[in-house]
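**Student:**
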Amino acid sequence: MTTGVALALTLVLLLVMDFGAKQKVADSAATSSAQPPPSFQSSGPSSTEPAPPKQPAWMRKLAAGEKPPQFVLFSFDGASSKKHWDRVLPLARKNNAHVTGLLSGVYLVPDEDRATYTGPGHAPGRSSIGFGGSRQDVAERIQYLNTAIEAGHEIGTHYNGHYCAGDEPSVGRWNTEQWKAELDAFKAILDKARAAGLKLPAEAIRGGRTPCLEGDWQQAFPAMASRGLVYDTSHVSLGVQWPSIQDGLWEFPMPEVRVPALGRRVVMMDYNFWYVLNGAKEEPARAAEFTQIVVDTYRSVYQTALNSNRAPLVIGNHFNDWSGSAFSNAMEQYLGEVCAQAETVCATYGEVIQWMALQDPAILQQFRQLPVPVN
197 MTTGVALALT
207 LVLLLVMDFG
217 AKQKVADSAA
227 TSSAQPPPSF
237 QSSGPSSTEP
247 APPKQPAWMR
257 KLAAGEKPPQ
267 FVLFSFDGAS
277 SKKHWDRVLP
287 LARKNNAHVT
297 GLLSGVYLVP
307 DEDRATYTGP
317 GHAPGRSSIG
327 FGGSRQDVAE
337 RIQYLNTAIE
347 AGHEIGTHYN
357 GHYCAGDEPS
367 VGRWNTEQWK
377 AELDAFKAIL
387 DKARAAGLKL
397 PAEAIRGGRT
407 PCLEGDWQQA
417 FPAMASRGLV
427 YDTSHVSLGV
437 QWPSIQDGLW
447 EFPMPEVRVP
457 ALGRRVVMMD
467 YNFWYVLNGA
477 KEEPARAAEF
487 TQIVVDTYRS
497 VYQTALNSNR
507 APLVIGNHFN
517 DWSGSAFSNA
527 MEQYLGEVCA
537 QAETVCATYG
547 EVIQWMALQD
557 PAILQQFRQL
567 PVPVN
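Numbering-wise (the numbering used here), the sequence shown opens with residue 197 and increments by one.
1) Using CA coordinates, which residue listed in Leu298, Asn291, Gly274 is at the minimum distance from Gly546?
2) Assign Ser440 to buried or exposed, taking buried as 16 or more other Cβ atoms, counted over all protein chains shown, within 10 Å of its Cβ.
3) With distance defined between alpha-carbon atoms, name the residue in Ala400, Ser276, Val426 nearest to Asn356.
4) Return the bridge partner residues of Trp446 from the DSSP annotation.
5) Thinking Val472 and Glu452 are a contact (beta carbons under 8 Å), I'd like their distance in whole angstroms, please.
6) Mind checking Ser229: buried by the 16 CB within 10 Å criterion, or exposed?
7) Whose CA, out of Asn291, Ala335, Glu262, Val284, lies closest to the CA of Gln555?
8) Within 10 angstroms of its Cβ, does Gln550 collect 16 or more other Cβ (buried), or is it exposed?
9) Quick one: is Glu410 buried, meaning 16 or more other Cβ sit within 10 Å of its Cβ, or exposed?
10) Measure the CB-CB distance between Asn505 and Pro567 and report whether it falls below 8 Å.
11) Pull the bridge partners of Arg460 from the DSSP assignment, please.
12) Could you check the C-alpha separation between Leu425 and Asn516 for me, to the nearest Å?
13) Gly512 lies in the beta strand (DSSP E); which residues open and close that run?
14) Leaving out five residues on either side along the sequence, give the residues of the same chain with a beta carbon under 8 Å from the beta carbon of Pro346.
15) Hey, Met465 and Gly404 are a contact pair by Cβ (cut 8 Å); roughly how many whole angstroms apart?
16) So, using beta-carbon positions, are Thr406 and Ala392 closer together than 8 Å?
17) In chain order, what residues of the same chain have a beta carbon less than 8 Å from the beta carbon of Asn162, not counting five sequence neighbours either side?
18) Looking at the unbroken alpha helix (DSSP H) that takes in Val490, where does it start and where does it end?
19) With 16 as the cutoff for other CB atoms within 10 Å, does Gln562 come out buried or exposed?
20) Are Leu509 and Val268 close, meaning C-beta to C-beta below 8 Å?
21) Buried or exposed: which applies to Asn164, given that a residue is buried once 16 or more other Cβ atoms fall within 10 Å of its Cβ?
22) Which same chain residues end up closer than 7 Å to Gly532 when comparing Cβ atoms and leaving out the 5 residues on each side of it in sequence?
23) Please report whether the beta-carbon of Tyr427 lies at a distance below 8 Å from any beta-carbon of chain D.
24) Going by C-alpha distance, which of Ser519, Arg423, Pro320, Asp412 is nearest Arg402?
25) Who are the Cβ neighbours of Gln374 in its own chain at under 6 Å, not counting the five residues just before and after it?
26) Just how far apart, CA to CA, sit Glu478 and Phe469?
27) Please state the DSSP three-state secondary structure of Ile401.
28) Which residues bound the alpha helix (DSSP H) around Gly520?
29) Do the CB positions of Gly520 and Pro480 come within less than 8 Å of each other?
30) Would you check if there are 3 or more beta carbon pairs closer than 8 Å linking the segment 360–376 to the segment 304–314?
31) Just verifying my parser: in three-state terms, what is the DSSP assignment at Met465?
32) Can you check which of these residues, Ile325, Gly274, Ala501, is closest to Gln437 by C-alpha distance?
33) Quick check: what's the CA-CA separation for Ser323 versus Glu528?
34) Which of the three DSSP states is assigned to Gln415 in this structure?
35) Return the residue from the list Ser300, Val302, Val305, Ser271 that minimises the CA-CA distance to His294.
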């Protein structure tokens with residue numbers, strides 16, 4: 197999606213409950229000579245980093261001259277819908293895949309407790325995406341999030357109030373102290389949920405994606421690092437790029453890719469596909485058409501990465517039913533297809549960081565310096 201279209205989306209996105217994903221100008225190829233964050237030194241993850249009791253066969257150092265796996269990272273902003281977790285979890289289990297749910301903290305706050313959350317610069321009890329419903333709704337949400345966690349899936353942060361441009365002060369205007377306050381509020385919400393039974397250790401939140409991909413990174417990243425985050429996945433890159441260290445965090449950029457059926461570029465996020473296809477209008481009669489276009493785009497981008505630099509492929513989604521569930525259907529179809537491919541691993545951000553920590557830093561730098569594939 198072009199920058200002009202993305203700016204035009206601003207007001208539209210404010211009306212969508214946690215479904216905005218505004219495209220930014222594509223970043224140039226990311227490179228960095230900085231060292232990995234302390235939690236992920238090149239000698240391997242620290243003892244505090246959660247890891248499964250039995251590591252998969254691919255979680256090892258590459259042999260000399262060996263190609264890396266083609267990692268595919270499915271992630272979901274908001275991550276609160278039981279209906280969609282119920283669809284994704286069996287599919288992931290069948291295909292030996294792990295996914296990442298980027299949780300909006302307000303979905304763990306009952307409506308009647310909304311005044312306990314104050315977004316930076318906003319009135320108490322105000323959120324652009326609402327809150328968690330009844331106490332029973334939140335209690336049930338905790339239980340199905342536990343099911344996802346116990347199955348090995350990752351929970352990251354999508355922060356809380358989801359204030360995009362136009363809903364001021366938006367996250368793009370926050371300073372470092374305001375980002376710290378938002379992360380502190382997220383922690384406080386999770387602490388209460390943990391007391392109510394959420395089985396998510398505090399140290400398990402390792403990164404996230406900002407609302408609408410917005411943020412002044414020089415302000416945001418110091419706050420993220422100070423609160424223990426080690427990765428972000430909010431930047432946009434032209435093509436599929438290897439993660440690099442930026443201001444102390446691993447950055448996993450969202451790729452801007454070509455939609456073969458349209459000959460146009462778009463950030464590889466479900467809402468962005470919807471907008472470029474028909475202006476984000478509900479057309480359930482075109483669901484099968486939209487699903488096929490998105491799946492074909494996924495295939496094109498995957499094949500391009502697999503045959504070139506093999507950078508981890510970030511596929512961004514929401515749990516949505518837009519246009520007859522066209523985009524959720526595309527994600528599910530492709531997850532079932534790609535995760536069974538040879539030399540392919542469908543993993544979480546934390547797992548990919550653990551894998552990178554096992555590799556020779558010089559080898560990783562060589563991967564980053566390979567030409568960036570654009571499908």
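Where is the CB? At the ideal position from N, CA and C, for every residue including glycine.
**Tutor:** According to the data block:
1) Comparing Cα positions, the closest option is Leu298.
2) buried
3) Ser276
4) Tyr427, Ile441, per the DSSP bridge assignment.
5) Contact flag wrong, Cβ pair sits at about 11 Å.
6) Note on Ser229: pLDDT 33, under 50, position unreliable in the model; the coordinate value appears next. That one is exposed.
7) Glu262
8) Gln550 counts as buried, since at least 16 other C-beta atoms from the protein chains shown sit within 10 angstroms of its C-beta.
9) Classification of Glu410: buried, given that the 10 Å Cβ count is 16 or more.
10) yes
11) Val455
12) 27 Å
13) 509–514
14) The sequence as given places Glu at residue 346; Pro does not occur at that position. Hits under 8 Å: Lys395.
15) By a beta-carbon distance limit of 8 Å, Met465 does not contact Gly404. Their separation comes to about 15 Å.
16) no
17) The requested residue 162 does not occur in the structure, where the chain is confined to residues 197 to 571.
18) 483–502
19) Exposed, because fewer than 16 other Cβ atoms sit within 10 Å of the Cβ of Gln562.
20) A distance below 8 Å separates the beta carbons of Leu509 and Val268.
21) The chain is shown only over 197 to 571; residue 164 falls outside these bounds and no answer can be derived.
22) So the list reads Leu287, Asn291, once near-sequence residues are dropped.
23) The structure shown contains no chain D; it is built from a single protein chain.
24) Arg423
25) Counting only Cβ-Cβ distances below 6 Å, and skipping sequence neighbours, we find Pro316.
26) 13 Å
27) Under the three-state reduction of DSSP, Ile401 is assigned to coil, being neither helix nor strand.
28) 518–534
29) yes
30) no
31) strand
32) Ala501
33) 30 Å
34) helix
35) Ser271
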